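Each protein sequence line maps, in turn, to chains X and U.
Position 354 of the first sequence, counting from 1, maps to 354 under this note's numbering, and the rest follow consecutively.
Position 28 of the second sequence, counting from 1, maps to 627 under this note's numbering, and the rest follow consecutively.
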Amino acid sequence: MTDTTSMTQASGGGLSAQKLGLIAVAVLLAGLIAVPVAVGDEFVYHIFITICLFAALSTAWNIVGGYAGQLSLGHAIFYGIGGYAGVILVNLGISPWFGMFAGAAVAVVAAIVVSWPCFRLHGPFFALATIAFLEVFRVLALHFRELTGGATGLMIQLNIGWEWMVFRERLPALLIAFGMLLVCLAVAWAIRSHRLGFYLVATRERESAAKAAGVGTVKVRLMAVSISAALSAMVGTFHAMYLTFIEPESMFSLQFSIQIAMFALIGGIGTVWGPLLGAVLLVPITEFARGALGSEAIGLHGFVYGVVLMLVVLFLPNGIMGVVHRFTSGSEKTEGEQAAPVAAAPRSAVPHEAGREVMRVEGLQKHFGGLHVTNDVGFTLREGEILGVIGPNGAGKTTVFNMLSGFLKPDEGRVSVLSPSGEWQEPATPADFATLGVGRTFQIVQPFAAMTVEENIMVGAFHRHPHVGDAREAARETAHRMGLGPYLNAEAASLTIGGLKRLEVARVMAMEPRILLLDEVMAGINQTDVRRAVDLMLSIRDTGVSIIAIEHVMQAVMSLSDRVIVINSGQIIAQGDPQEVVRDEHVIEAYLGKEFTHA
Amino acid sequence: MDTFLQIVANGLMLGGLFAIVAVGLTLIFGIVKVINFAHGEFLMVGMYLTFLLSTGMDVHPYLTAAAVAPALFVLGALTQRLLIQPLMSARDEHVQIFATVGLSTALMNLALLVFGADIANTPAHGVRSQVMLGEVRILTGQLWVFGAAILLVIGLQLFMKKTRTGRAIRATAQNRAAARLMGINDKFIYILTFGLGAACVGLGSSLIAPLYPTSPTIGTYFVLIAFVCVVLGGLGSIPGAFFGALVIGLVDALSGFYIGSDLREAVVFTIFLLILILKPSGLFGTRMNLSHVSP
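Listed below in structure tokens is the structure:
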């Protein structure tokens, strides 16, 4: 009972803080329109238009750089494409309102071409690749003079009016820039609060765990860059109309790309409102410096940017939103509560019987260089059966698991899984396995560290429940069952190793798998919990789920398993009833050495 | 045929120039495992220092290296101590990238503030005179740069393989925790290595300054090319960076002549992208322990 009350309090407190935050954002957004209208000064208008543009671009960047964690320093590619598409079409007599969609379409194609090959690159390498692409685009824009005007740039024909996005007054331009900012914020917010956002953050935090949870990691990243590129291009089109003149050096600029990323970092990378905050705070300072000091202080605003960037990185690595969050979430912390016990599930009285075959493993072979890690491993798994896999350290148990879940491709042999519709299929990728209902845990726990416990489990739950509400419901239920109820709102990174093990199981349980692969989930948990975990697994088994469990805790293996497989040096050396297997000579020899075989 | 030979010679000389910038970058990358986006600005700072010293005291720019290289060593060591070291344990690698990007932006714009956007010409003191090597014409300064690059590579290799400090540096690069257990002060090693990498580019800047006009943004061009050389040669490999630089110098010169001088960079960066995507260990790369940064 205490669980539920503390949970509602926490979520109640979170809600009011959330409301307060939304009011603050609304006031901020209203200010972006109200201040320049009230002041009425041309220069102030210009500053606020610039704020809106940078906030919009930075918000779009954040979908890739923040949510997906792919540090793009080439986002000016998409902005530049939008700008050029707009200007070229305007000069052909086509309104930028159409041009911006044309630009967005080209940008999406460019985004996919640029990012697909680069997804295997991480961190600095992805950043370098995006810079290189940006340089290529800049050089090409300089080269194809007929299209882009080359180094001399392109002027737009000055047709004034709403249909051309060009105005004598500043107010309409501000309204368009503001509208674009709202669109970007709405899209970013929608992504973050739906399944795609969860999948992106999960992929960023632990790619392999995300794959195991059935996330199409490449697909979700491509969606993120496409959306981000389309938004950036649309803003680029408008900015080109606002500037009335574009050239490759300013449209495909590395400095500009860095600035876009910088506002997000300073505001709070990966948060919905961070980029807006960053732009609101920094753009006025530097624009005033530029306006007030003029050409005497060329370089001053860049210098300020650079210094602020270093200071923020050193002292506020989570940006302004990190500070805000620290103040608002201080009360929500769980006060060192003991983990609730794993709910002991009632055993069904009906004696258990294994059903039809659901997984067939035939002749698996795997070599790592000269090392023969898996040698002719084959077995079958029946519906509602628990198969224990034991063997000394280094025997190759986890390698077999990796082949049973699509993380490793066997050199020879095959793994087939019975689909829910009753056909045998041979899945190849982790996503295929997940789709067929094969869920796995990792021996070395792989939590999504920056997400809360609830969000971690939700990533698994999304597999069956695409809607956030349902997934949250399912995740909470699973969490309570796994004794993680008190920690729902805690960051996964704050859990103990025992808690992380449970979280690992909870995430895969939330996928409601038909076949469950558990890799040493009982290592390092206490005796009482081992017994409870055994009961839990048996109750899962009784619902018709098949389980393969690698386990060193013999007490658990003996009481759990319907059948046991012993692997040594990559080969199955014994299999069958647990009681018989532990008396097998080969098994005793493998664990203890020859001299113990007659002990 | 003469033209072709001349282009190849130009390419090799250009490669030597890239090499002297890339060697320091790959050293920092291979050991500290940080991609120093400010490396180009280190070069720029060194070139301005060379310009100021050689015009102010009217000495040969090469002689200023005696002061510029130590100055850059201090700049590099301070960067590691004050900016990178506090971030070494950061969970997110974004943070280190932004730190060096911030330093790069700040230094570049500081130069704009101090020197303006105009270029500064370091007096040549004869290094821009031509010599004939058979049929091809080469600037004496280019030959000096090329020779210095070779000596630098050999010297660094000897230092890394033969000296106690060099071995400590390599051990730290292989496994930081194990090196600490062996009594190596890893923080000091990182500071030393960063300083050394910056000193290399400091030496380079004194040699490059009389050949290239100095401007606040010159670093951007060189750092991007240096990244290409480093990735091509295998990350962290000093000889690799040298040969990578020669390849890029040749590609630059040949594509400039046969494809079009305005498309040289596009060719270079396309090759870079292909290597990065298809063979991230580089053309001459031996696999290194780059656990948290490998592509």
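Ideal Cβ positions, reconstructed from N, Cα and C, are used throughout, including at glycine.
Owing to the predicted nature of the structure, the values given are computational and were not obtained by experimental measurement.
For this session: Alpha carbon to alpha carbon, how far is phenylalanine 48(X) from methionine 656(U)? Give it in angstroms, no decimals.
Result: The sequence position of residue 656(U) within the second sequence is 57, counting from 1. The sequence position of residue 48(X) within the first sequence is 48, counting from 1. The alpha-carbon atoms of methionine 656(U) and phenylalanine 48(X) are separated by roughly 49 Å.
For this session: Identify every run of the beta strand (DSSP E) within the stretch 711 to 756 of chain U, keeping only runs that are complete inside it and at least 3 residues long; order them along the chain.
Result: 729 to 732 and 735 to 738
Exercise. Where are the alpha helix (DSSP H) runs, 4 residues long or more, that stay fully inside the stretch 84 to 153 of chain X, in chain order?
Worked result: 96 to 115, 123 to 143 and 145 to 148
For this session: Assign leucine 560(X) to one of three DSSP states: helix, strand, or coil.
Result: To locate residue 560(X), count along the first sequence from 1; it is residue 560. In this structure, leucine 560(X) counts as helix in the three-state DSSP scheme.
For this session: Find the residues of chain X that neighbour leucine 682(U), judging by a C-beta separation of less than 9 Å, and give them in chain order.
Result: The residue given as residue 682(U) occupies position 83 in the second sequence. Listed by position along chain X, the residues whose Cβ is nearer than 9 Å to that of leucine 682(U) are Met310, Val313 and Leu314.
For this session: Pull up the distance between the alpha-carbon of valine 752(U) and that of valine 730(U), whole angstroms please.
Result: For the purposes of this step, residue 752(U) is taken as the residue at position 153 of the second sequence. For the purposes of this step, residue 730(U) is taken as the residue at position 131 of the second sequence. Distance between the alpha carbons of valine 752(U) and valine 730(U) is about 25 Å.
For this session: State the DSSP-derived secondary structure class of valine 545(X), mapped to helix, strand or coil.
Result: As a first step, residue 545(X) is located in the first sequence; it is residue number 545 there, counting from the start. The answer is coil: DSSP assigns valine 545(X) none of H, G, I, E or B.
For this session: Kindly indicate if chain X contains any beta-carbon less than 8 Å away from that of methionine 707(U).
Result: Within the second sequence, the letter at position 108 stands for residue 707(U). It does: the Cβ of methionine 707(U) has a partner Cβ on chain X nearer than 8 Å.
Problem set entry | Residues of its chain near alanine 770(U), where Cβ-Cβ distance is below 8 Å and the 5 sequence neighbours each way are ignored | Residue mapping note: residue 770(U) aligns to position 171 of the second sequence, counting from 1. Around alanine 770(U): Ala777, Ala778, Met781 and Ile783.
For this session: Check whether the Cβ of glycine 782(U) lies closer than 8 Å to any Cβ atom in chain X.
Result: Walking along the second sequence from the start, residue 782(U) turns up at place 183. Look at glycine 782(U): its C-beta is not under 8 Å from any C-beta on chain X.
Exercise. Going by DSSP, what residues sit across from leucine 309(X) in a beta bridge?
Worked result: By one-based count along the first sequence, residue 309(X) stands at place 309. Answer is none; leucine 309(X) lacks a bridge partner.
For this session: Could you pull out every residue in the same chain whose Cβ sits closer than 6 Å to the Cβ of isoleucine 748(U), ignoring the five residues on either side in sequence?
Result: On the second sequence, residue 748(U) is found 149 positions in, with the first residue counted as 1. The amino acid at residue 748(U) is misidentified as isoleucine; the sequence shows alanine. Around alanine 748(U): Gly615, Ala618 and Ile619.
Problem set entry | Continuous beta strand (DSSP E) stretch holding threonine 813(U): start and end | Numbered from its first residue, the second sequence carries residue 813(U) at position 214. Counting along the chain, threonine 813(U) sits inside no beta strand (DSSP E), nor does DSSP assign it H or E at all.
For this session: Take the Cβ of proline 420(X) as the centre, count every other Cβ of all protein chains shown within 10 Å, and call the residue buried at 16 or more, exposed below.
Result: In the first sequence, counting from the first residue as 1, residue 420(X) sits at position 420. Exposed, since its Cβ has fewer than 16 Cβ neighbours within 10 Å.
Problem set entry | Members of the stretch 33 to 44 of chain X that neighbour chain U once the beta carbon cut-off is set at 7 Å | none
Problem set entry | Proximity test, Cβ basis, 8 Å: tyrosine 305(X) and chain U | Locating residue 305(X) in the first sequence gives position 305, where the first residue counts as 1. Under the 8 Å criterion on CB atoms, tyrosine 305(X) is classed as interfacial with respect to chain U.
Exercise. Which value, in whole angstroms, describes the spacing of the CA atoms of glycine 499(X) and tyrosine 591(X)?
Worked result: As a working mapping, residue 499(X) is identified with position 499 in the first sequence. As a working mapping, residue 591(X) is identified with position 591 in the first sequence. Going from the Cα of glycine 499(X) to the Cα of tyrosine 591(X) covers about 30 Å.
Exercise. Does the distance from the C-beta atom of valine 166(X) to that of methionine 241(X) stay below 8 Å?
Worked result: Looking up residue 166(X) in the first sequence gives position 166. Looking up residue 241(X) in the first sequence gives position 241. Yes, they are a contact pair.
Problem set entry | Sufficient close CB pairs (3 or more, under 8 Å) joining the stretch 35 to 52 of chain X to the stretch 94 to 113 of chain X | As far as the Cβ criterion goes, the stretch 35 to 52 of chain X does not touch the stretch 94 to 113 of chain X, which means the pair count is below three.
Exercise. The beta strand (DSSP E) with leucine 862(U) in it runs from where to where?
Worked result: By one-based count along the second sequence, residue 862(U) stands at place 263. Element bounds for leucine 862(U): n/a, residue is neither H nor E.
For this session: State the Cα-Cα distance for the pair leucine 142(X) and glycine 299(X), rounded to the nearest angstrom.
Result: Locating residue 142(X) in the first sequence gives position 142, counting from the first residue. Locating residue 299(X) in the first sequence gives position 299, counting from the first residue. Each residue's alpha carbon lies about 25 Å from the other.
For this session: Scan the stretch 448 to 502 of chain X and note each continuous alpha helix (DSSP H) run of 4 residues or more that stays entirely inside, going in chain order.
Result: 453 to 461 and 468 to 481
Exercise. Exposed or buried, what is leucine 652(U) when buried is set at 16 or more other beta-carbons lying within 10 Å of its beta-carbon?
Worked result: Residue numbering aside, residue 652(U) sits at position 53 when the second sequence is read from its first letter. Leucine 652(U) comes out buried.
Exercise. In three-state DSSP terms, what is methionine 155(X)?
Worked result: Translated into the one-based positions of the first sequence, residue 155(X) becomes position 155. If DSSP states are grouped into helix, strand and coil, methionine 155(X) belongs with the strands.
Exercise. Alpha helix (DSSP H) containing aspartate 657(U): first to last residue?
Worked result: The count along the second sequence starts at 1 and reaches residue 657(U) at position 58. That residue, aspartate 657(U), is in no alpha helix (DSSP H); it is neither H nor E in DSSP.
Exercise. Within 8 Å (strictly less), CB to CB, does histidine 638(U) reach chain X?
Worked result: Position 39 of the second sequence holds residue 638(U). Answer no: the Cβ-Cβ gap between histidine 638(U) and chain X never drops below 8 Å.
For this session: Check the Cβ of phenylalanine 868(U) against every Cβ in chain X and list those closer than 7 Å, keeping chain order.
Result: Taking the second sequence and counting its residues from 1, one reaches residue 868(U) at position 269. For phenylalanine 868(U), the C-beta contacts it makes with chain X under 7 Å involve Ala132, Glu135 and Val136, in order along the chain.
Exercise. Cβ-heavy atom distance between glycine 485(X) and the ligand SAH below 7 Å?
Worked result: The model on display carries no ligand, and the ligand SAH is accordingly not part of it.
For this session: Measure the Cβ-Cβ separation of alanine 264(X) and serine 115(X) and say whether it is below 8 Å.
Result: Here the question's residue 264(X) lines up with position 264 in the first sequence. Here the question's residue 115(X) lines up with position 115 in the first sequence. No, the pair does not count as a contact, with Cβ atoms beyond the cut-off.
For this session: Ignoring anything shorter than 3 residues or poking outside the stretch 355 to 405 of chain X, list the beta strand (DSSP E) runs there in chain order.
Result: Here the runs fully enclosed are 357 to 368, 371 to 382 and 386 to 390.
Exercise. Going by the CB atoms, is the gap between alanine 104(X) and alanine 233(X) shorter than 8 Å?
Worked result: Along the first sequence, one-based indexing puts residue 233(X) at 233. Along the first sequence, one-based indexing puts residue 104(X) at 104. Yes; because the gap between Cβ atoms is below 8 Å, this pair is in contact.
Exercise. Between Pro812(U), Leu682(U) and Val644(U), which lies nearest to leucine 802(U) when the distance is taken from Cα to Cα?
Worked result: Start at 1 with the first residue of the second sequence, and residue 802(U) comes out as number 203. Closest option to leucine 802(U), Cα to Cα, is Val644(U).
For this session: Going by DSSP, name the residue or residues bridged to phenylalanine 245(X).
Result: As a first step, residue 245(X) is located in the first sequence; it is residue number 245 there, counting from the start. Looking at the DSSP assignment, phenylalanine 245(X) forms a beta bridge with Met155(X).
Exercise. Is isoleucine 600(X) close to chain U, meaning its C-beta is less than 8 Å from at least one C-beta of that chain?
Worked result: The structure shown does not extend to residue 600(X), since chain X is modelled only from 1 through 599, so no value can be given for it.
Exercise. Less than 8 Å separating the beta-carbons of isoleucine 870(U) and glycine 881(U)?
Worked result: The residue given as residue 870(U) occupies position 271 in the second sequence. The residue given as residue 881(U) occupies position 282 in the second sequence. In this structure, glycine 881(U) does not lie closer than 8 Å to isoleucine 870(U) by Cβ.
Exercise. For alanine 127(X) and chain U, any beta-carbon pair shorter than 8 Å?
Worked result: Position 127 of the first sequence holds residue 127(X). Yes, contact with chain U.
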